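Chemist: Just so we're aligned, residue 1 is where the sequence shown starts under UniProt numbering, counting upward by one. Ideal placement from N, C-alpha and C gives every residue a C-beta, glycine not left out. Only a predicted model underlies this, so the values are computations on that prediction, with no experimental measurement involved. First, the structure itself, so that you have it in front of you.
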Amino acid sequence: MTLSSSILLCMGTRPEIIKMAPVYHALKAANLRPLVLHTGQHREMANPMYEFFGMQPALSLELERRRESLSHLSSLMVDKIGKILEDSAPSAVLVHGDTSSALMAALAAFYQQIPVGHVEAGLRSHCAYDPFPEEKNRELIGRLASWHFAPTAQARANLLREGIAAETIHTVGNTIVDAVHLAGQMDGAKEAAIPELQRDLARLPALLPGRRLMLVTSHRRENLDGPLANIAGAVRDLLLESPDLLVVWPVHANPRVKETVHAVLDELPAEAAERLFLTQPMGYAALMWLLHRAWLVLTDSGGIQEEAAAVHTPILVLRETTERPELIEAGAGRLVGTDRQTIVTAVRELATRPETAAAMRNAINPFGDGHAGQRIAQVLSTNLAPQFPWLSASPVSA
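Printed below as a string of structure tokens:
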């Protein structure tokens, strides 16, 4: 097989890998020959995700960063990805979401007149600097892409308002729902095979009966330092006032995140400290295990909002704006920001008003039915058939 008869999937962050895994497997099932380019981020977090989902990268980006600026990172990526595309000349490039690597991959492909498909297109917070730089990244990818794979009707409407041609927008659902289903089929999802349950969470199963489990994640750029300290402070307050509360917080690898979280939570009294689990970043099987057992999720992660909705776990969103208003409108989540007292008050309300928490659990998932990957494969199969002459004339089932 030559690379020019392939579809190149660019990904690197943990959420990208999770959400692109169903697309990879759907393309493979449709004989569309997907190849993965790892764009270089957080290899210690990325490699286990690739292994779990059975899609080892065929290509990998090596970035020699000399400073932390976004402009330096972007220039490195567009140059390196451009060289890879020159050498491989794939028939199409797929990018996901809103990372700077996704934007640079789309730009590099555009420069070489390779068509780009944007998975999870059309999300908008309508605030240029929140999230930063993601809001502008996804807007700019929208000007470069040939195919826009929108997860919801709202995302489609956002694209139409920006003048994107209707025939290029395909409302397919969110691939995160596919990923949750796919994870349940993996051998690694078996409880006895989850290493975190033997290591970081070894004490947790015995503590669960009769207690409420709260999963916390926070690492967004706009929440670093002060806002993150507020979130950690709210968790501290809740642990001190609620003896039946258990908290698991997988702490992001970013040193600024680690320092802030541990500075607030390392000196808890012994009884509260016994109910707090500050862990390494979780593998996907462990995350799913936690989400299925959680009473509540506090997060600023877009992916975890969607995953929690897929398993009907209530979510409090630790952000001031959201590009996923469908979650809030469906009643599955609430936007609470990063004020310490506001977070504490919102959690108290759910604890004292079980009917409110029940309504959130029973909300209809707004993110789709778990067949987004197949729909993306169908669109690409139809559009790329002249370049893939071996494709069957029969359509891919959705």
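For a quick check, are the C-beta atoms of A145 and A121 less than 8 angstroms apart?
Modeler: Cβ distance < 8 angstroms, so A145 and A121 count as in contact.
Chemist: At the level of alpha carbons, what is the spacing between E181 and L9?
Modeler: Residue identity check: residue 181 is His in the sequence provided, not Glu. Cα to Cα, the separation comes out at about 21 angstroms.
Chemist: Taking all protein chains shown into account, decide if P395 is buried (16 or more other Cβ within 10 angstroms of its Cβ) or exposed.
Modeler: Because P395 sits at a pLDDT of 47, beneath the cut-off of 50, its placement in the model cannot be relied upon, and the following sentence gives the value as read from the coordinates. So P395 ends up on the exposed side.
Chemist: Counting only runs that start and end within the stretch 361-394, where is the alpha helix (DSSP H) found for 4 or more residues in a row?
Modeler: With a minimum length of 4 residues, the continuous alpha helix (DSSP H) runs that stay inside the stretch 361-394 are 372-384.
Chemist: DSSP beta-bridge partners for I7?
Modeler: In the DSSP output, where bridge partners are listed per residue, I7 has P34, A92.
Chemist: Please list the terminal residues of the continuous alpha helix (DSSP H) segment that includes R236.
Modeler: From DSSP, the alpha helix (DSSP H) with R236 extends over 226-241.
Chemist: With distances taken Cα to Cα, identify the nearest neighbour of P366 among G333, T345, A385.
Modeler: It is G333 whose Cα lies nearest to the Cα of P366.
Chemist: For F277 versus V247, is the C-beta distance shorter than 8 angstroms?
Modeler: Their beta carbons are under 8 angstroms apart, which means F277 touches V247 by this criterion.
Chemist: Quick check: W295 and M214, are their CB atoms within less than 8 angstroms of each other?
Modeler: Their beta carbons are under 8 angstroms apart, which means W295 touches M214 by this criterion.
Chemist: Which parts of the stretch 105-133 are runs of the beta strand (DSSP E), unbroken and 3 residues or longer, counting only runs that do not cross its ends?
Modeler: Segments of the beta strand (DSSP E) lying fully in the stretch 105-133: 116-119.
Chemist: Using the C-alpha atoms, what's the distance from R156 back to H170?
Modeler: Cα to Cα, the separation comes out at about 8 angstroms.
Chemist: Under 8 angstroms between the Cβ atoms of L287 and L298?
Modeler: Going by C-beta atoms, L287 is not nearer than 8 angstroms to L298.
Chemist: L380 to H371, Cα distance in whole Å?
Modeler: So the two alpha carbons sit approximately 15 angstroms from each other.
Chemist: Give me, in chain order, the residues of the same chain whose beta-carbon lies closer than 6 angstroms to that of G188; leave out the 5 immediate sequence neighbours on both sides.
Modeler: For G188, the pLDDT reaches just 49, beneath the cut-off of 50, and the residue's location in the model is therefore unreliable, although a value from the coordinates is still provided. Same-chain partners within the cutoff: F52, A285.
Chemist: Report the three-state DSSP secondary structure of M282 (helix, strand or coil).
Modeler: In the structure shown, M282 sits in coil (DSSP, three-state: anything other than H, G, I, E or B).
Chemist: Consult DSSP for P57 and reduce its assignment to one of helix, strand or coil.
Modeler: Coil.
Chemist: With distances taken Cα to Cα, identify the nearest neighbour of H42 among V261, P281, R324, N223.
Modeler: Of the listed residues, the one whose Cα sits closest to H42 is P281.
Chemist: Which residues does DSSP pair with R212 in a beta bridge?
Modeler: Note: R212 sits in a beta bridge opposite L245.
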